[in-house]
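These protein sequences, in sequence, are chains A and B.
The first sequence begins at 206 in my numbering and counts up one residue at a time.
The second sequence begins at 206 in my numbering and counts up one residue at a time.
Glycine included, each C-beta is placed from N, C-alpha and C at the ideal position.
Take a look at the structure set out below.
Protein chains: 2
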Amino acid sequence: MNKDTLLALLQPDIDQINETMRSEIASTNNTLLQEILEYAIFNGGKRIRPVLSILSARLCAFATMPEGLAAEDQLKPPVNLYRLATVFEFLHAASLLHDDVLDHAGTRRGKPSANSVWDNTHVILAGDFLHARALTLAGTIGGEQCLEIIGNATSSMIDAEFLQMQTVKDINLSEENYFNVLRGKTGSLISAACEVGTFFTETSLEHRGALRTYGNALGLAFQVVDDLLDYQGDPDKTGKAVGNDFIEGKITLPLIHALQNCDESEKNRILTLLKGGQEERTAEGENIRSFIDKNGGFVYARQGAETLIEASLEALALFPSCQARSNLEGLAQYVLIRQR
Amino acid sequence: MNKDTLLALLQPDIDQINETMRSEIASTNNTLLQEILEYAIFNGGKRIRPVLSILSARLCAFATMPEGLAAEDQLKPPVNLYRLATVFEFLHAASLLHDDVLDHAGTRRGKPSANSVWDNTHVILAGDFLHARALTLAGTIGGEQCLEIIGNATSSMIDAEFLQMQTVKDINLSEENYFNVLRGKTGSLISAACEVGTFFTETSLEHRGALRTYGNALGLAFQVVDDLLDYQGDPDKTGKAVGNDFIEGKITLPLIHALQNCDESEKNRILTLLKGGQEERTAEGENIRSFIDKNGGFVYARQGAETLIEASLEALALFPSCQARSNLEGLAQYVLIRQR
Chain A
206 MNKDTLLALL QPDIDQINET MRSEIASTNN TLLQEILEYA IFNGGKRIRP
256 VLSILSARLC AFATMPEGLA AEDQLKPPVN LYRLATVFEF LHAASLLHDD
306 VLDHAGTRRG KPSANSVWDN THVILAGDFL HARALTLAGT IGGEQCLEII
356 GNATSSMIDA EFLQMQTVKD INLSEENYFN VLRGKTGSLI SAACEVGTFF
406 TETSLEHRGA LRTYGNALGL AFQVVDDLLD YQGDPDKTGK AVGNDFIEGK
456 ITLPLIHALQ NCDESEKNRI LTLLKGGQEE RTAEGENIRS FIDKNGGFVY
506 ARQGAETLIE ASLEALALFP SCQARSNLEG LAQYVLIRQR
Chain B
206 MNKDTLLALL QPDIDQINET MRSEIASTNN TLLQEILEYA IFNGGKRIRP
256 VLSILSARLC AFATMPEGLA AEDQLKPPVN LYRLATVFEF LHAASLLHDD
306 VLDHAGTRRG KPSANSVWDN THVILAGDFL HARALTLAGT IGGEQCLEII
356 GNATSSMIDA EFLQMQTVKD INLSEENYFN VLRGKTGSLI SAACEVGTFF
406 TETSLEHRGA LRTYGNALGL AFQVVDDLLD YQGDPDKTGK AVGNDFIEGK
456 ITLPLIHALQ NCDESEKNRI LTLLKGGQEE RTAEGENIRS FIDKNGGFVY
506 ARQGAETLIE ASLEALALFP SCQARSNLEG LAQYVLIRQR
């Protein structure tokens, strides 16, 4: 399935998600708060997380449907599914608002970031608002178990941020540690988005586990590809300078692998660069790409992403063929070919 | 009841609250996160909010106890009451962590603030963690209705922060607006703390409403007294410079009332000062106190606080006499005599 076909298939759900978020925002009391939320949420995001909840719910509805009862496209989405799905976009937006304030970011998706339009206090509070609203929706719509899953995912994200800050410049950073950060920062929320989609039908634990596995593998692959695009992407498409992670001294999978496979003198040269200043690292941009390439870092990371996507597709094999499954597969395949 | 007697009566509950929070913090995965949470929470706070939940729960347990079943002090606190109570201390601490980062505060209760010990990113994330943990506990322990009350209180706090930023320097600030900010910023969480204490017994809606009223009036009175202490307190006890609110251009109840009762020329002089720089306002410290005093602002605000405390005591009249009620009354009376 190509990207445009997939997007056309997902568009009605995306529209419905957007409409639900708009009415949620409109229910707040303060017009300035509304304005900031509107700006932060309607900024061109792809709505991947809520779409995953909706596709998971559809998949489970189809899988548990008594035979011959209805065709897949006649299954009505459960009341409140869209409201629960928006929880994931709200949590994602809340963390971006806080990140941008803390990073003093000037832009977000090519537009001025919220913190360059309003002051930090308003932006942090808007993030807090989304955070509180998301968790309240999670518990009141999805029930206690759902709240626990989403609450745990939020805690995991914060744990992983701490772990990342403590280890990202560690020149002995292990692959295991790298994936621990990814699992917390990206995998946990995406796998929670998939898992809570199962709560609208009498889904077996096996189905629930499979969707969790799908989400986790998808999230990890997405992030590995992100780290590859940092070195290999087209800056016009990614919107980021090539080799930005290395310039900031951030060690990701391609470099971790290369450092494990190079000889001692090369390793020492890179370590000296990593301990040094940004200017030296900026000047080394082309060399570092050759270094990683020569030591198999790009091939290794690409294979890692492919293996993760295979695992995510494998997890879906449990479910009967249907449009929802096919869309979930399409999303997984898209991760490998995306260029931004 | 004097302050020391009251404190001695509350101490066992405070100890239990502290112990519960310590074990909650110990269950986090990251030791640096634990360290920041520990620092932020064990900083000499009075635990008023969780104590209110516990006393409310005790009061309702006594009020609904079949006659002759047990003496009040034999009523066992429900499992999970302390865990639910800590939600309010966590939310309070989360908002203080974020406030201190945004205000670039250097100290908090006489100690270096968390943001002067760790960097802003860690402190904001620690606040987010407490926020998420609090709402997750609220829903998984207290159930959906409890989560909704606490979630709404959190939203009200943020709405009120927005309202305050938009209006606090408005020289036409009305008393109504002033109380709207107070209700959101302080009243809503305190009244929620009282209300959720009722969820552990089969409490009537009337009892629930009464405890909500008690909490709201108590919170407002607390804040009005705070604003009085800003002008009239002993800096050695309050830890803040006298007249700090006026210096910052923040208009509170004593000044609002005085501005409504002075003559036009005086009013214009104050308004010019409020529009001007901090230095002019600092130099006017003594004069502004005379101005408020002469125009009845202090007496009016003091009477307002007393009326609120009367209303809070009145709300308790519905309940039978017992130690829990007497402690809640003691807390209300303490608000009027506190000097810090």
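Can you find a CB in chain A that lies within less than 8 angstroms of the CB of Gln369(B)?
No, its Cβ sits nowhere closer than 8 angstroms to a Cβ of chain A.
Quick check on the DSSP output: what are the complete alpha helix (DSSP H) runs of length 4 or more inside the region 213-251 of chain B, in order along the chain?
236-246
Please work out which residues of its chain come closer than 6 angstroms, Cβ to Cβ, to Cys467(A), disregarding the five sequence neighbours upstream and downstream, and give them in chain order.
Asn500
Nearest by alpha-carbon distance to Leu335(B): which of Asn357(A), Val322(A) and Asn285(A) is it?
Asn357(A)
Counting C-beta neighbours from all protein chains within 10 Å, is the total for Lys390(A) 16 or more, i.e. buried, or is it exposed?
buried
Return the chain-ordered ranges of every alpha helix (DSSP H) run that is complete within the region 451-515 of chain B and spans a minimum of 4 residues.
458-466, 469-480, 483-488 and 490-499
Taking only beta-carbon positions, decide if Asn320(B) is within less than 8 angstroms of chain A.
no
Where Gly344(B) meets chain A, residues with beta-carbon distance less than 7 angstroms
Neighbours of Gly344(B) on chain A, chain order: Gly344, Glu349 and Leu352.
To which residues of the same chain is Ile201(A) closer than 6 angstroms at the C-beta, ignoring the five residues directly before and after it?
This structure leaves residue 201(A) out entirely; chain A is present only between 206 and 545.
Let me see if you follow: with CB-CB separation under 8 angstroms, is Thr291(A) close to chain B or not?
Judged by the 8 angstroms Cβ criterion, Thr291(A) is not in contact with chain B.
Would Leu307(B) pass as an interface residue toward chain A - the criterion being a Cβ-Cβ separation below 8 angstroms?
yes
What does the alpha-carbon distance come out to for the pair Gly332(B) and Val256(B)?
22 angstroms
On a CA-only basis, which of Glu511(A), Ala422(A) and Arg338(A) is nearest Gly392(A)? Give me that one, please.
Ala422(A)
To the nearest angstrom, how far is it from the Cα of Arg263(A) to the Cα of Asn285(A)?
13 angstroms
Report the CB separation of Gln239(B) from Ile230(B) in whole angstroms; it is logged as a contact under 8 angstroms.
6 angstroms
Under a Cβ-count criterion, where at least 16 other Cβ atoms within 10 Å of its own Cβ denotes burial, should Ala298(B) be classed as buried or exposed?
Buried, since its Cβ has 16 or more Cβ neighbours within 10 Å.
Whole-Å CB distance - Leu425(B) paired with Phe384(B), under 8 angstroms assumed
That pair is a contact at about 7 angstroms.
Between Asp209(A) and chain D, is the shortest Cβ-Cβ distance under 8 angstroms, so that the two count as touching?
No chain D appears in the structure shown, which is made up of the protein chains A and B.
Can you find a C-beta in chain B that's less than 8 angstroms from the C-beta of Glu366(A)?
yes
Quick one: is Gly356(A) near chain B, going by C-beta distance under 8 angstroms?
Chain B, which has a Cβ nearer than 8 angstroms to the Cβ of Gly356(A), makes this yes.
Got a sec: is the Cβ-Cβ distance from Thr326(A) to anything in chain B below 8 angstroms?
yes
Does the separation of the CB atoms of Ser261(A) and Leu289(A) fall below 8 angstroms?
no
What three-state label does DSSP hand Pro282(B) in the structure shown?
coil
Please confirm if Leu513(A) has its CB atom under 8 angstroms from at least one CB of chain B.
Using a CB distance cut-off of 8 angstroms, Leu513(A) does not count as an interface residue toward chain B.
In chain order, what residues of the same chain have a beta carbon less than 6 angstroms from the beta carbon of His303(A), not counting five sequence neighbours either side?
Gly332
Considering only the alpha carbon of each residue, which of Ala529(A), Gln538(A) and Ile241(A) lies closest to Asp218(A)?
Ala529(A)
Residues of chain A with a CB under 8 angstroms from the CB of Leu416(B): which are they?
Going along chain A, no residue has its Cβ under 8 angstroms from Leu416(B), so there is no contact; the nearest lies around 21 angstroms.
Verify the CB distance criterion: does Ser360(B) have a CB-CB separation below 8 angstroms to chain A?
yes
Exposed or buried, which one is Ala314(B) when buried takes at least 16 other CB atoms within 10 Å?
It should be noted that the sequence gives Arg, not Ala, for residue 314(B). So Arg314(B) counts as exposed.
Could you tell me whether any non-hydrogen atom of the ligand COA is closer than 7 angstroms to the CB of Ala337(A)?
The model depicted lacks the ligand COA and carries no ligand whatsoever.
Beta carbon of Asp435(B) nearer than 8 angstroms to that of Gly414(B):
no
Residues of chain A with CB closer than 7 angstroms to the CB of Thr341(B), please, in chain order.
Leu340, Leu352, Glu353 and Gly356
Grouping DSSP H, G and I as helix and E and B as strand, with all else coil, what is Arg413(B)?
Here Arg413(B) carries a helix assignment [DSSP, helix/strand/coil].
Let's see if you can read the secondary structure: which residues bound the alpha helix (DSSP H) around Phe384(B)?
Glu380 to Leu387
Note down, in chain order, every chain B residue with its Cβ under 7 angstroms from the Cβ of Asn234(A).
Asp364
For a contact meaning CB atoms closer than 8 angstroms, what does Ala337(A) contact in chain B?
Per Cβ cutoff of 8 angstroms: His336, Leu340, Gly356, Thr359, Ser360 and Ile363.
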